[in-house]
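This report refers to the structure that appears directly beneath it.
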Amino acid sequence: MKIKAGTPMYSIDFTKNMHIHFLGIGGISMSGIAELLLSRGFLVSGSDDTPSKITAHLEELGIKVYYGLKASNISNEVEAVVYTGAIKADNPEYMEAVKRGLPILTRAELLGQILHSYPESIGISGTHGKTTTTSMISEILLTRGVDPTINVGGVYPRINGNMHIGSSSYFVFEACEYTNSFLSFYPKVGVILNVFADHLDFFKNLDDIRHSFRLYAENIAPDGCLVINSAIENLSYFTEELGRKVITFGFNEQSDFRAANIEYDEFGSGHFDLLIYGENVGRISLKQPGEYNIANALAAAAATYFLGTPFETIKEGLSSFGGTDRRFQVKGIACGVTVIDDYAHHPDEIRAALTAAKKYPHKKIWCVFQPHTYTRTKELLLEFAEALTIADEVVLAKIYPARETDTLGISSDNIRLKMEELGKKATYIPTFEEILKFLKKNCSPGDVLITMGAGDVVIVGENYLK
1 MKIKAGTPMY SIDFTKNMHI HFLGIGGISM SGIAELLLSR GFLVSGSDDT PSKITAHLEE
61 LGIKVYYGLK ASNISNEVEA VVYTGAIKAD NPEYMEAVKR GLPILTRAEL LGQILHSYPE
121 SIGISGTHGK TTTTSMISEI LLTRGVDPTI NVGGVYPRIN GNMHIGSSSY FVFEACEYTN
181 SFLSFYPKVG VILNVFADHL DFFKNLDDIR HSFRLYAENI APDGCLVINS AIENLSYFTE
241 ELGRKVITFG FNEQSDFRAA NIEYDEFGSG HFDLLIYGEN VGRISLKQPG EYNIANALAA
301 AAATYFLGTP FETIKEGLSS FGGTDRRFQV KGIACGVTVI DDYAHHPDEI RAALTAAKKY
361 PHKKIWCVFQ PHTYTRTKEL LLEFAEALTI ADEVVLAKIY PARETDTLGI SSDNIRLKME
421 ELGKKATYIP TFEEILKFLK KNCSPGDVLI TMGAGDVVIV GENYLK
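Okay, structure coming up:
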């Protein structure tokens with residue numbers, strides 16, 4: 001049972017040190033916001049299903065974390081409750097908060113209120129690429145020395161986590177479209193990396209998704225800027241009569257920020273000349289592979305350039321950026337097999353990551369893919385099958401359900417069957433233990449093994465390395 005929208009939003013008084021309780025505090029974004037409020041003097045508690053590295057870190061900071069969902073977790077001292085989109089109306093803690101008449105906010109609503117304190121905010125949206133681009137922008141601003149506050153949807157090694165509490169007016173954050181959460185944000189710079197069909201358990205169709213991204217663009221501050229990918233279909237839908245400055249980025253000659261003379265090194269990392277409004281300002285070398293990371297770098301360059309960052313600082317920041325965890329992350333080598341992990345869980349992300357892998361030294365590319373949610377798998381079945389055909393060998397793990405239950409009669413074996421229709425063999429193996437045995441038997445020295453998905457498939461590669 002989903003929580004009904006439409007309740008008037010409660011406004012937090014940031015001059016008072018309230019006690020705020022987080023439902024799902026172990027989430028990558030929730031934990032960051034909880035940490036930020038703690039630094040501002042708030043009393044913070046929260047709950048989650050199971051312990052994790054994130055919850056352990058929060059407990060080390062002094063935050064009380066409850067494990068298991070119980071009404072009693074809402075202590076008498078709690079003055080407001082924050083929840084994520086994964087929380088349903090029958091959650092015992094949510095029900096207790098409603099019963100007691102406590103103010104209740106979504107994670108996005110709270111973050112939107114926090115952002116009012118940061119006039120130089122940068123919100124990065126898009127179907128994919130958000131975490132990498134957020135980290136790239138952060139790297140550039142850290143190189144510039146402005147000390148931004150950073151909330152990223154993954155582990156960014158430069159800040160040793162997903163949250164950095166800065167001392168400046170800059171705030172760099174991911175703006176996710178799921179449940180329209182990004183419509184709670186009003187950034188100075190809004191970035192739209194791409195717009196594809198995803199989260200179809202919430203959105204009706206691609207037109208519905210595009211409409212939400214247009215509304216997000218309209219939320220940008222009047223004196224701010226929309227940074228948008230010039231390759232997005234019917235681009236004018238997002239830019240016409242917007243009333244904000246628009247900067248486009250991409251690979252065609254009409255792009256304001258454009259990559260030219262692209263080359264790839266022996267590991268597939270991109271090197272390119274940056275053209276700003278047609279002028280070649282210099283060459284940039286990335287440590288990340290693939291054309292998609294060049295696009296991410298162009299977006300990061302455009303956003304930070306608008307905020308007054310000189311090219312040399314942009315170049316230094318992008319060139320020093322070492323990536324984020326679970327984004328084409330080389331985990332190690334075992335028995336001559338290079339193990340890489342990637343968070344890709346959408347067909348376009350899979351296509352981009354496997355295309356980049358083709359430029360990486362390899363004999364065969366093995367892809368162990370774990371689909372993420374039943375609805376996404378069903379809606380994009382053919383697209384998943386087509387994207388996975390880029391790999392030489394494909395092993396399909398059981399679907400990671402996340403917030404869903406299996407009511408659609410879909411499984412990873414449906415992807416296998418669809419791939420066979422396309423003339424590509426794949427193997428469906430339900431358990432990680434069986435997958436590991438299969439890989440040990442079949443992978444050879446010189447092969448690349450990529451574990452791929454937004455669930456816990458990373459375990460397979462880590463166990464292979466052991």
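Sequential numbering from 1 applies to the sequence shown in our numbering. Even glycine gets a Cβ: it sits at the ideal position worked out from N, Cα and C.
**Item:** Alpha-carbon to alpha-carbon, S47 and K424
**Value:** Position 424 of the sequence shown, counting from 1, holds the residue named residue 424. Position 47 of the sequence shown, counting from 1, holds the residue named residue 47. Rounded to whole angstroms, K424 to S47 spans 44 Å at the Cα level.
**Prompt:** Leaving out five residues before and five after P430 in sequence, what residues of the same chain have Cβ atoms less than 6 Å from its Cβ?
**Reply:** Reading the sequence shown from its first residue, position 430 is the one you call residue 430. Correct list, in chain order: K398.
**Request:** Apply the 10 Å Cβ neighbour rule to H116 and answer buried if 16 or more other Cβ atoms are within range, or exposed otherwise.
**Result:** If you number the sequence shown from 1, residue 116 lands on position 116. When all chains shown are included, H116 counts as exposed.
**Request:** Put E233 into one of helix, strand or coil per three-state DSSP.
**Result:** As a working note, residue 233 is residue 233 in the sequence shown. Assigned with DSSP and collapsed to three states, E233 falls in coil, not helix or strand.
**Item:** Validate contact between the stretch 166 to 181 and the stretch 126 to 135 using beta carbons, cut 8 Å, 3 pairs
**Value:** Contact between the stretch 166 to 181 and the stretch 126 to 135 is present, because at least three Cβ pairs lie under 8 Å.
**Asked** Across which residues does DSSP place Y264 in a beta bridge pair?
**Response** Here residue 264 corresponds to residue number 264 of the sequence shown, with the count starting at 1. DSSP output for Y264 lists G270 as bridge partner(s).
**Asked** Exposed or buried, which one is E77 when buried takes at least 16 other CB atoms within 10 Å?
**Response** Here residue 77 refers to the residue found at position 77 of the sequence shown. The residue is exposed, with fewer than 16 neighbouring Cβ atoms inside 10 Å.
**Message:** Taking the beta carbon of L422 as the centre, do at least 16 other beta carbons fall within 10 Å, making it buried, or is it exposed?
**Reply:** Translated into the one-based positions of the sequence shown, residue 422 becomes position 422. Its Cβ having fewer than 16 others within 10 Å, L422 is exposed.
**Message:** Please classify K331 as buried or exposed, where buried requires at least 16 other C-beta atoms within 10 Å of its C-beta.
**Reply:** Translated into the one-based positions of the sequence shown, residue 331 becomes position 331. K331 comes out buried.
**Check whether Y170 and L141 have beta carbons under 7 Å apart** = Start at 1 with the first residue of the sequence shown, and residue 170 comes out as number 170. Start at 1 with the first residue of the sequence shown, and residue 141 comes out as number 141. Yes, the Cβ-Cβ distance between Y170 and L141 is below 7 Å.
**Request:** Inspect the beta-carbon positions of S45 and K70 and report whether they are closer than 7 Å.
**Result:** For the purposes of this step, residue 45 is identified with residue 45 of the sequence shown, where counting begins at 1. For the purposes of this step, residue 70 is identified with residue 70 of the sequence shown, where counting begins at 1. Using a Cβ distance threshold of 7 Å, S45 and K70 do not count as a contacting pair.
**Message:** On the criterion of 16 or more Cβ atoms from any shown chain inside 10 Å, does R258 qualify as buried, or is it exposed?
**Reply:** Position 258 of the sequence shown holds residue 258. Around the beta-carbon of R258, 16 or more other beta-carbon atoms lie within 10 Å, marking it buried.
**Prompt:** Which residues in the same chain as M419 place their Cβ atom closer than 8 Å to its Cβ, once the five residues preceding and following it in sequence are excluded?
**Reply:** The residue you call residue 419 lines up with position 419 of the sequence shown. Non-local beta-carbon contacts of M419 in its own chain, meaning distances under 8 Å to residues more than five positions away in sequence, involve A385, L388, T389, V394, K425, A426 in chain order.
**Item:** Distance between S11 and A80 (C-alpha atoms, nearest Å)
**Value:** The residue you call residue 80 lines up with position 80 of the sequence shown. The residue you call residue 11 lines up with position 11 of the sequence shown. Taken atom to atom, the span from the alpha-carbon of A80 to that of S11 is near 10 Å.
**Request:** Report the three-state DSSP secondary structure of K130 (helix, strand or coil).
**Result:** Position 130 of the sequence shown, counted from the first residue, corresponds to residue 130. In the structure shown, K130 sits in a helix (DSSP, three-state: H, G or I).
**Message:** Determine whether the beta carbon atoms of S412 and L396 lie at a separation below 7 Å.
**Reply:** Working through the sequence shown from its first residue, we reach residue 412 at position 412. Working through the sequence shown from its first residue, we reach residue 396 at position 396. Yes, the pair counts as a contact, with Cβ atoms nearer than the cut-off.
**Request:** Determine the contact status of A260 and L275, defining contact as a CB-CB distance below 7 Å.
**Result:** Numbered from its first residue, the sequence shown carries residue 260 at position 260. Numbered from its first residue, the sequence shown carries residue 275 at position 275. The answer is yes: Cβ separation under 7 Å.
**Item:** Where G6 sits in the DSSP three-state scheme
**Value:** As a first step, residue 6 is located in the sequence shown; it is residue number 6 there, counting from the start. Below a pLDDT of 50, predicted positions are generally treated as unreliable, and G6, at 45, falls in that range; the measurement from the model is reported next regardless. In the structure shown, G6 sits in coil (DSSP, three-state: anything other than H, G, I, E or B).
**Request:** Quick one: grab the DSSP three-state call for P187.
**Result:** Here residue 187 corresponds to residue number 187 of the sequence shown, with the count starting at 1. In the structure shown, the three-state DSSP call for P187 is coil.
**Asked** Quick check: the stretch 150 to 161 against the stretch 187 to 201, are there 3 or more CB pairs under 8 Å?
**Response** The answer is no - the stretch 187 to 201 does not touch the stretch 150 to 161, with fewer than three Cβ pairs under 8 Å.
**Prompt:** Which two residues bound the contiguous beta strand (DSSP E) that contains R283?
**Reply:** In the sequence shown, residue 283 corresponds to position 283, counting from 1. Looking at the DSSP string, the run of the beta strand (DSSP E) that includes R283 is 279 to 289.
**Item:** C-beta contact flag for S481 and G112 at 7 Å
**Value:** No information on residue 481 is available, as it lies outside the stretch 1 to 466 that the chain covers here.
**Asked** Nearest CA to the CA of G190: which residue from L307, N280, I459?
**Response** Locating residue 190 in the sequence shown gives position 190, counting from the first residue. Checking every option, the nearest Cα to that of G190 belongs to L307.
**Request:** Return the residue from the list T55, Q288, I28, K16 that minimises the CA-CA distance to F42.
**Result:** The residue you call residue 42 lines up with position 42 of the sequence shown. Ranked by Cα distance from F42, the options T55, Q288, I28, K16 are led by K16.
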